[in-house]
Amino acid sequence: MLVEEPIQAISIKNIALIGNPNAGKTSLFNSLTGMNQHVGNFTGVTVDKKVGQFSTADKQKFDLIDLPGIYSLFAKSEDEHVVLETLLNPETQPDLVIILLDALHLQRSLLLFTQIQDLGFRVLPVLNMLELAEQEGNHISITQLEEHIAQKIVTINARTGKGISSLKEAVAKSKALPKGSSRLETISHEWENTLKINNLAQTNFAALLMAVQYQNLSFLNTSERASIADIIESYNINILKVQVDNTAERLGQIHDWLHPTTNPTLHIDPPSSTFTSIADKIILHPIGGYLIFLGVLMVMFQAIFSLAAYPMDWIDAGMANLITSVQSTFPEHFLTALFTDGLLAGIGGVLIFVPQIAILFAFIAVLEESGYMSRVMFIMDKIMRRFGLNGQSVVPLVSGLACAVPAIMAARSIPNGKERLITIFVTPFISCAARLPVYLIIIALVIPNTTVFGFFGLQGLVLLGLYLAGLAATLITAWLANLFIKSDEESFFIMDLPTYKMPRWKNIGITIWQKIKTFVWDAGKIIVALSILLWVLASYGSPEAMQAAETTAKTEYQQAPEQYNNLENLIAAKKLEASYLGQLGQSIEPVIQPLGYDWKIGIALLSSFAAREVFVGSLATIYNVGEADSDLPLIQRLKNEKRPETGEPVYDLALGLSLLIFYVLAMQCMSTLAITKKETNSWKWPMAQLVLMTGVAYIAALVIYQLLS
1 MLVEEPIQAI SIKNIALIGN PNAGKTSLFN SLTGMNQHVG NFTGVTVDKK
51 VGQFSTADKQ KFDLIDLPGI YSLFAKSEDE HVVLETLLNP ETQPDLVIIL
101 LDALHLQRSL LLFTQIQDLG FRVLPVLNML ELAEQEGNHI SITQLEEHIA
151 QKIVTINART GKGISSLKEA VAKSKALPKG SSRLETISHE WENTLKINNL
201 AQTNFAALLM AVQYQNLSFL NTSERASIAD IIESYNINIL KVQVDNTAER
251 LGQIHDWLHP TTNPTLHIDP PSSTFTSIAD KIILHPIGGY LIFLGVLMVM
301 FQAIFSLAAY PMDWIDAGMA NLITSVQSTF PEHFLTALFT DGLLAGIGGV
351 LIFVPQIAIL FAFIAVLEES GYMSRVMFIM DKIMRRFGLN GQSVVPLVSG
401 LACAVPAIMA ARSIPNGKER LITIFVTPFI SCAARLPVYL IIIALVIPNT
451 TVFGFFGLQG LVLLGLYLAG LAATLITAWL ANLFIKSDEE SFFIMDLPTY
501 KMPRWKNIGI TIWQKIKTFV WDAGKIIVAL SILLWVLASY GSPEAMQAAE
551 TTAKTEYQQA PEQYNNLENL IAAKKLEASY LGQLGQSIEP VIQPLGYDWK
601 IGIALLSSFA AREVFVGSLA TIYNVGEADS DLPLIQRLKN EKRPETGEPV
651 YDLALGLSLL IFYVLAMQCM STLAITKKET NSWKWPMAQL VLMTGVAYIA
701 ALVIYQLLS
């Protein structure tokens with residue numbers, strides 16, 4: 001596996017960053033790489049990986065991969081399997097491992113450190129949060145700790161950037177680091193030597209991990225798996241016992257390092273009333289904790305409307321001016337109309353929501369950076385268990401506020417298979433960022449911009465209600481799934497509550513930029529393609545039908561000109577109905593008419609199955625084609641839309657609430673279905689999601705419209 005190489009031949013290029021959850025890996029990764037990073041997937045799996053590049057003072061360049069946070073290499077969750085696979089697979093092994101030691105939880109960090117050392121890697125230990133540990137009353141002797149692990153330690157503060165230059169200097173000199181093992185005297189087994197002799201492992205600990213995890217290691221071929229299975233059978237190896245014994249022995253010796261009878265390396269005497277302990281008495285209160293969480297959500301959704309109002313108006317006016325400018329500069333032509341009514345209208349329908357998306361991600365990032373999100377997981381665990389989930393399910397569900405795809409990937413951190421499956425199944429009920437543009441424009445159309453109790457904005461409260469409705473649907477569905485999915489697997493939830501910290505604004509800025517870039521780019525590609533397609537279908541039809549539509553419009557206008565704004569708008573609307581898109585929409589109208597939707601809304605619904613946010617872009621394209629004065633803001637065009645049979649506004653309260661609840665509950669994202677299939681390795685679960693969610697959404701929207709109309 002790991003082959004020794006002469007010093008002169010060593011080339012350090014690929015570096016893995018490993019550490020426990022909440023040890024500060026994200027802050028360190030951002031400090032090293034800044035904006036020079038991207039997100040991808042590990043080969044063969046769907047877990048996200050962050051990869052970045054950084055340079056040292058002597059101009060050396062390194063690739064840094066941020067592996068998922070884990071506690072041990074004895075893998076239970078999918079995230080842990082990813083780390084183990086990366087370290088054991090000869091094709092993915094890093095040249096150097098930076099292991100981040102958490103000074104607040106040093107014993108646990110050293111367990112992972114010694115495991116990686118015993119795989120034979122070059123390891124660079126980096127101690128983080130030393131100042132916080134000392135504030136808590138913990139004294140760590142760096143000199144004695146270096147003697148125990150036989151390596152120099154780099155001390156940093158990942159949040160402030162202190163020590164980063166020293167770390168880069170150590171990385172630049174990492175060629176001189178030996179490939180060694182820890183000083184722990186772990187039990188040696190004869191079968192480990194057998195695996196080494198058969199070239200299946202390079203070190204004793206690698207052999208142990210092979211025996212424990214060989215069925216989950218994709219790089220092993222059939223004969224290698226069979227060979228390991230034979231060795232396990234012939235030596236009668238108790239897999240669980242060797243894991244427990246190895247971990248217990250490591251922890252015992254690490255404890256002796258840190259707690260000797262004389263000259264203590266670590267002295268633990270934390271004060272009884274730190275800020276964290278005082279704050280947790282309030283935030284983790286069995287009643288007050290939930291009220292605080294609800295209050296945080298209310299503030300977040302109020303801010304989404306109030307803080308984003310001005311930049312949204314600027315973007316809306318800017319896009320309208322741009323369209324008008326292009327139309328006045330270039331002659332009337334097919335390409336001009338395609339560019340303005342198709343492309344720019346669709347893009348503008350998404351860009352206008354960037355400020356609100358940024359505010360949403362900013363709030364989530366602040367909650368995570370401050371340490372509050374871990375408290376949310378803790379207080380929600382008791383509730384989640386009643387519905388067949390646990391506290392770890394909160395991470396995917398909260399991630400679902402951004403996007404269901406990475407949220408479903410995040411469920412890999414849940415060790416219990418049943419709870420992981422239920423979490424995957426119900427996560428799409430959580431309202432993602434792609435739904436936000438739909439919510440915002442419909443709320444602005446049908447909910448008055450007034451305050452309740454003189455303080456809370458009604459629009460913000462409605463938005464909060466939509467997210468809570470999605471959460472309620474999530475928990476009810478999870479409870480029902482828990483009744484039908486059987487499992488004897490033990491469920492447990494173990495986590496550390498990090499200390500409260502002041503958010504690092506650089507990290508938050510990087511997070512917001514990455515999320516907005518992903519949102520605009522991913523949605524933009526789909527919107528460009530669909531906007532062009534919709535514009536073509538909405539602009540053209542059979543010559544006979546289009547001519548008949550124009551004749552009909554002129555006749556109706558001559559008979560009752562007072563009923564119409566102008567002839568040009570009437571001709572555009574009639575031609576839109578006669579177009580290929582109009583014919584398609586009218587063919588599906590009988591199915592959606594009971595919900596109050598006309599064929600234009602139906603087309604937007606169909607197109608949003610590619611991506612939910614396309615709904616707004618589709619409406620922008622359709623109404624641009626359907627009106628001559630297309631330089632009006634989209635929301636004004638929607639307000640002007642009337643029902644031909646009654647002359648009443650199309651977007652009234654009944655239709656608005658019907659649309660809102662439909663989008664809260666409906667499965668309208670092909671990517672989510674695809675990732676569910678990938679994660680469950682079956683089409684049964686994504687098809688069940690599609691049928692259940694769409695059916696429930698249709699029924700709920702039907703009931704609401706019929707009751708209110």
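Numbering (my numbering), first residue to last: 1 to 709. We put the beta carbon where it would ideally sit given N, CA and C, even for glycine.
Boundaries around L655 are those of the alpha helix (DSSP H), L653 to L665, since no beta strand (DSSP E) includes it. N128 places its beta carbon 8 Å or farther from that of A150.
For I315, the enclosing alpha helix (DSSP H) begins and ends at A309 to T329. Between T324 and F330, the CB-CB gap reaches or exceeds 8 Å. V123 has V97 as its beta-bridge partners, per DSSP. With a threshold of 16 other beta carbon atoms within 10 Å, H255 falls short and is exposed.
In this chain, the alpha helix (DSSP H) harbouring N246 covers I239 to L258.
Collapsing the DSSP output to three states places F361 in a helix. In the DSSP assignment, K600 falls within the alpha helix (DSSP H) that extends over W599 to S607.
Close CB contacts of M312 within its chain, under the 6 Å cut and outside five residues either way in sequence, are with I352 and P355 (chain order).
Here L692 is not near L673, since their CB atoms are 8 Å or more apart. The alpha-carbon separation between Y372 and N640 amounts to approximately 45 Å. Remark: C-beta atoms of S141 and A23 do not approach each other more closely than 8 Å. Counting of Cβ neighbours within 10 angstroms places K600 among the buried residues, the total reaching 16 or more.
In this structure, the alpha-carbon of A529 lies about 35 Å from that of Y557.
In terms of CA proximity to I704, L655 leads the group M670, T680, L655 and L665. At the C-beta level, G19 and K25 come within 8 Å of one another. Here H139 carries a strand assignment [DSSP, helix/strand/coil]. S542 counts as exposed, since fewer than 16 other beta carbons sit within 10 angstroms of its beta carbon.
By DSSP's assignment, N128 forms a beta bridge with D102 and I156.
Excluding sequence positions up to five before and after A701, its CB lies within less than 6 Å of the CB of L595, S658, I661 and F662, all in the same chain and listed in chain order.
Non-local C-beta neighbours of K152 in its own chain, meaning closer than 7 Å and more than five positions away in sequence, comprise E146, ordered along the chain. Bridge pairing for N14: D63 [DSSP]. In terms of CA proximity to F429, A697 leads the group V126, A697 and V123. The three-state secondary structure of Q689, taken from DSSP, is helix. Distances from the alpha-carbon of L112 to those of L653, L436, I414 and A248 put A248 closest. Between A317 and I359, the gap from beta carbon to beta carbon reaches 8 Å or more. Under the three-state reduction of DSSP, K179 is assigned to coil, being neither helix nor strand. The beta carbon of L458 is closer than 8 Å to those of I447, P448, N449, T450, T451 and V452 in its chain, skipping five residues each way along the sequence. Inter-residue distance for W685 and P178 is about 49 Å (C-alpha atoms, whole angstroms).
Counting the other CB atoms within 10 Å of its CB gives D66 a total of 16 or more, which places it among the buried residues.
Taking a contact as a CB-CB distance under 8 Å, the pair L421 and T143 does not count as one, their CB atoms being some 49 Å apart. Residue environment analysis places F74 among the buried positions, since at least 16 neighbouring C-beta atoms fall within 10 angstroms of its C-beta. Cβ contact annotation for P503 (same chain, cutoff 7 Å, sequence separation greater than five): V366, E369 and S370, in chain order. Under a 10 Å Cβ-count criterion, S165 is classified as exposed, with fewer than 16 other Cβ atoms of the shown protein chains found around its own Cβ. For a cut-off of 8 Å, the C-beta gap from V82 to L124 is around 21 Å, too long to register as a contact.
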